[in-house]
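Data block below; observations after.
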Amino acid sequence: MSQEDDLDLRSLSDEELVEQMHDDLYDGLKDEIVEGVEILLERGWTPYRILTDALVEGMRIVGVDFRDGILFVPEVLMSANAMKAGMGLLRPLLAETGAPKVGKMVIGTVKGDIHDIGKNLVSMMMEGAGFEVIDIGINNPVENYLAAIEEHKPDIVGMSALLTTTMPYMKVVIDTMIEKGIRDDYIVMVGGAPLNEEFSQAVGADAYGRDAAVTVELAKELIARKHNQLVARAG
Ligand code: B1M
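As numbered in our numbering, residues 6 to 240 make up the sequence shown, in order.
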């Protein structure tokens with residue numbers, strides 16, 4: 006479905022606008038997505054609601070047609086770019102907490118994998134919850150994680166994978182941390198659409214983040230638990 010040139014997004018009801026944004030994301034229409042986000046913000050929608058109802062849901066629809074061979078890589082890339090433009094507008098708003106930093110996280114997509122929308126979303130939500138986030142980007146070999154851990158001394162190491170072929174690489178990173186004797190110094194969290202709780206446990210992670218909101222909650226819990234353990238040990 007393509008958008009007619011003269012369609013005035015402002016004339017649409019919230020529900021119609023969100024539906025139109027799903028179509029615009031599908032069609033990779035970056036400017037329209039930015040405008041849609043602006044309108045919903047003006048109408049008092051929270052950044053989180055815009056993110057989940059308009060953008061993430063739109064991308065889910067794109068994913069279904071990508072899977073079914075209706076959409077192809079170039080089209081999905083345009084959708085991804087439109088999604089990123091919308092996320093760019095929401096990022097500062099989600100990060101605007103002013104709260105003291107609750108912890109530090111290094112996050113990256115694993116080697117062989119270039120999907121970064123979910124990881125970026127997690128980063129944004131973590132920042133919004135008061136975490137300092139060091140994003141090491143996509144296609145990261147274990148050396149990149151180790152270098153970032155060494156440099157930034159985070160509380161949490163986060164890994165993202167969207168492909169069944171790349172998710173096993175998470176175990177390579179965790180096993181290397183074990184070999185180097187540093188595994189237990191960090192909370193390791195994993196996420197990405199093909200993962201699940203069992204996989205997370207099998208590779209030796211501390212937690213599986215089903216989505217960005219769950220990841221934030223789990224991260225807070227795990228940080229609190231770590232602090233309590235440190236206090237108990239010191240006492
Ligand atoms: Co790709 N791709 N893709 N793709 N792509 C999937 C993942 C796929 C499921 C599509 C499908 O067939 N239905 C499929 C994987 C199948 C499989 O492995 N079994 C697939 C494929 C096959 C491929 C290629 C191989 C296609 C090809 O070249 N023939 C290729 C691989 C490239 C590579 O990585 N080496 C490829 C390429 C691409 C694009 C470049 C076109 C583009 C990526 C653009 C980008 O990211 N900059 C793309 C996209 C956009 C998708 C889909 C459509 C959408 C992914 C997405 O952004 N979702 C995807 C289909 C799908 O997942 N439904 C698909 C929205 C995002 C908000 O959700 O990423 O799940 P998600 O993140 C969530 C949670 O998972 C969680 O929180 C996030 C927010 O709630 N989470 C974490 C994610 N990471 C976390 C890390 C954490 C915690 C939580 O750390 C602690």
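Using N, Cα and C, we set each Cβ at its ideal position, and we do this for glycine too.
Distance between E24 and V39, taken at the CA atoms: about 15 Å. Straight-line spacing of the CA atoms in A207 and E20 works out to 42 Å.
With a cutoff of 7 Å, A198 counts as near the ligand B1M, since its C-beta is closer than that to a heavy atom of the ligand. Secondary structure note for F71: its alpha helix (DSSP H) is the uninterrupted segment E62 to R72. Nearest to E43 by C-alpha distance, out of G108, I55 and V162, is I55.
As the crow flies, the alpha-carbon of A212 is around 25 Å from that of M64. Contact fails between the stretch 156–163 and the stretch 82–95, because fewer than three Cβ pairs, one in each stretch, are under 8 Å apart. The beta carbon of I141 is closer than 8 Å to those of V111, I112, G113, N149, Y150 and A153 in its chain, skipping five residues each way along the sequence. Around E132, the same chain offers A100 and V138 as residues with beta carbons nearer than 6 Å, after the five sequence neighbours per side are excluded. Within the same chain, and ignoring the five residues on either side of M130 in sequence, the residues whose Cβ sits closer than 6 Å to its Cβ are A217 and V221. Note: F136 is bridge-paired with G108 in the DSSP secondary-structure output. Between the alpha carbons of R188 and L34 lies a gap of roughly 43 Å. At least one heavy atom of the ligand B1M falls within 7 Å of the beta-carbon of M194.
C-alpha of V67 to C-alpha of A237: approximately 49 Å in a straight line. Annotation: the continuous beta strand (DSSP E) that includes G196 extends over I192 to G196. When C-alpha distances from I75 are compared across D190, R96, D36 and Y31, the shortest belongs to Y31.
The Cβ neighbour count for V78, taken over all protein chains shown within 10 Å, is under 16; the residue is labelled exposed. If you draw a straight line from the Cα of G186 to the Cα of D121, it is about 29 Å long.
Set against 7 Å, the gap from the CB of A217 to the closest heavy atom of the ligand B1M is smaller. It is roughly 48 Å from the alpha-carbon of V178 to the alpha-carbon of R15. With 16 or more other Cβ atoms from the protein chains shown falling within 10 Å of its own Cβ, V193 counts as buried. At the C-beta level, L223 and G214 come within 8 Å of one another.
Proximity to E202 across V219, G93 and Y191 peaks at V219, based on C-alpha coordinates. If the five residues before and after K106 are omitted, its C-beta is found closer than 8 Å to the C-beta atoms of G135, F136 and E137, all from its own chain and listed in chain order. Not one heavy atom of the ligand B1M is found less than 7 Å from the C-beta of V23.
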